[in-house]
DNA sequence: GTCTATACTGAGATAGAC
DNA sequence: GTCTATCTCAGTATAGAC
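Protein chains in written order, with our numbering: chain A, 1 to 205; chain B, 1 to 205.
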């Protein structure tokens, strides 16, 4: 990868994580990266495609790690289903590790999930991993319908996006524990573990 | 309120709920509402202010209902803390009722929370209500620190935004139960009830 | 293949006539 | 209150230099 392309990616990652996608203009990115505007469209095609490649650059590695960890837990569990806590650990620990080195990327991911902006990338790179995890959850939570597991997985994404994006924001009006990424993730897992294991929603007719 | 202003609000609510805030241009709104572009800036000042008034128009009523319902539950509970399930009911039922009549508004709210776009309105109109609910949760969950309750409340917002926004989206790659608003909300409350009542996150040092 | 310069279209915002 | 004209800035497209 050429230095121009890399400069664009690095600068865009930092600025979009800080300000959001819509609020960050290409002109601001190229100004700070000291490259030409057209170089962005030469290398990426569009602003949206730049975002997609930004995600893809790191998401692939994180998702590979996620699946590997899940596979390890599945081997350890033998014929038994993997416990929900372990499934959550497999899902979040690779992200936490990435976030400890580079919090910007994780915040970026949270923003993208919240804004619903990574349609193509989600399908291409996340969906296979998500599918593996939903399968694991179905085995761990046999009393839930497939639809309810999908709903809870979606709730999980929403909670996660707030966990990583909300770090800078004031904590719902009351003074929170601020920008402690590790603490926030541990609280998130604790919360999700209980939520995922809630009894099934009763059918109403 | 004049008919022009009202036409703008109604049209903007529908379009923004469908397409999102950034994806909806003022020119599209004024075209469908059949008003002049400058009228928007005359009545609202800016696109952002239009959004704020859009939220404010309905959020005030929803928040009033929330607080009233919570107060009723507090009276019923006497000196005991209100159960978490009841706190959640007080928070969500007014929103569900609004959403049953006008799903657009609830989806709009979800989008705004996800994208973090309603800075001024949240502080002015939501924070007092949020504060009341956090206080109720503190009483119901005395083993949790204030910081952890704030975190969980934030997770709740994230899950909620996905619950109401994700209705149209495909359910994480597996076929979901589609756009059933009532079902989605019941699942959400079930999920959140367990998540909020999870044991405290252990301190690590 | 890479990058630059420049122009095009559509966005939100504003000033001033009526 | 309303509308026209205009401003600035956004993302995008293209022609051509190296």
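The beta-carbon is built from N, C-alpha and C at its ideal position, and this holds for glycine as well.
On a predicted model such as this, the values are computed, not experimentally measured, just so you know.
Taking residue i as the query, report the chain A residues whose CB atoms sit under 8 Å from its CB, ordered along the chain.
i	result
residue 198 of chain B	190, 191, 193, 194 and 195
I need the straight-line Cα distance from residue i to residue j, nearest angstrom please.
i	j	result
residue 90 of chain B	residue 103 of chain B	19 Å
residue 9 of chain B	residue 48 of chain A	29 Å
residue 19 of chain A	residue 51 of chain A	14 Å
residue 72 of chain B	residue 142 of chain A	38 Å
residue 54 of chain B	residue 26 of chain B	14 Å
residue 46 of chain A	residue 136 of chain A	37 Å
residue 234 of chain A	residue 138 of chain A	It is not possible to answer for residue 234 of chain A, since the shown part of chain A is limited to 1 through 205.
Just tell me which of the options has its CA closest to the CA of residue i.
i	options	result
residue 201 of chain A	A:189, A:152 and A:188	A:152
residue 60 of chain A	A:185, A:195 and A:125	A:125
residue 149 of chain A	A:162, A:134, A:158 and A:159	A:134
residue 98 of chain A	A:58, A:121, A:137 and A:127	A:58
residue 3 of chain B	B:20, B:27, B:43 and B:21	B:43
residue 147 of chain A	B:34, B:162 and B:187	B:187
residue 116 of chain A	A:22, A:6, A:74 and A:13	A:22
residue 183 of chain B	A:12, A:129, A:17 and A:145	A:145
residue 160 of chain B	B:40, B:189 and B:204	B:189
residue 30 of chain B	B:136, B:11 and B:77	B:11
residue 191 of chain A	A:137, A:63 and A:156	A:156
residue 108 of chain A	A:127, A:162 and A:76	A:162
residue 203 of chain A	B:204, B:197 and B:180	B:180
residue 123 of chain B	B:77, B:63 and B:69	B:63
Note down, in chain order, every chain A residue with its Cβ under 7 Å from the Cβ of residue i.
i	result
residue 132 of chain B	Those do not exist, as residue 132 of chain B stays about 11 Å from chain A at its closest Cβ, beyond 7 Å.
residue 60 of chain B	The contacting residues do not exist; residue 60 of chain B stays about 17 Å from chain A at best.
residue 201 of chain B	186, 187 and 190
residue 22 of chain B	22
Over the uninterrupted alpha helix (DSSP H) stretch that includes residue i, give me the two end residues.
i	result
residue 49 of chain A	47-77
residue 100 of chain B	84-101
residue 116 of chain A	Here residue 116 of chain A belongs to no alpha helix (DSSP H), and DSSP marks it neither H nor E.
residue 31 of chain A	26-33
residue 185 of chain A	181-196
residue 81 of chain B	Looking at the DSSP string, residue 81 of chain B is not in any alpha helix (DSSP H), and its letter there is neither H nor E.
residue 7 of chain B	3-19
residue 202 of chain B	Where residue 202 of chain B is concerned, there is no enclosing alpha helix (DSSP H), given that its DSSP letter is neither H nor E.
residue 128 of chain B	127-140
residue 40 of chain A	37-43
Can you pull the chain B residues whose beta carbon is under 8 Å from the beta carbon of residue i, in chain order?
i	result
residue 38 of chain A	Here the premise fails: no neighbours, minimum Cβ distance about 24 Å.
residue 143 of chain A	Going along chain B, no residue has its Cβ under 8 Å from residue 143 of chain A, so there is no contact; the nearest lies around 12 Å.
residue 57 of chain A	Per Cβ cutoff of 8 Å: no residues; residue 57 of chain A is ~22 Å from chain B at best.
Starting from the C-beta of residue i, find all residues in its chain whose C-beta is less than 8 Å away, skip the five residues before and the five after it, and write them out in chain order.
i	result
residue 158 of chain A	113 and 114
residue 37 of chain B	26, 27 and 30
Who are the Cβ neighbours of residue i in its own chain at under 7 Å, not counting the five residues just before and after it?
i	result
residue 140 of chain B	81, 82, 83, 84 and 87
residue 28 of chain A	15
residue 67 of chain B	129 and 132
residue 56 of chain A	121 and 125
residue 106 of chain A	95, 98, 99 and 164
residue 92 of chain A	185 and 189
Near residue i, what residues of its chain come up, given a Cβ to Cβ distance below 6 Å and the 5 sequence neighbours on each side ignored?
i	result
residue 96 of chain A	185
residue 24 of chain B	15 and 16
Taking Cβ-Cβ distances shorter than 9 Å, what residues in chain B pair up with residue i?
i	result
residue 46 of chain A	Near residue 46 of chain A there are no residues of chain B at all, since even the closest Cβ is about 15 Å away, more than 9 Å.
residue 136 of chain A	Chain B residues near residue 136 of chain A: none, gap ~13 Å exceeds 9 Å.
Please list, in chain order, the chain B residues whose beta carbon lies closer than 7 Å to that of residue i.
i	result
residue 184 of chain A	151
residue 148 of chain A	187
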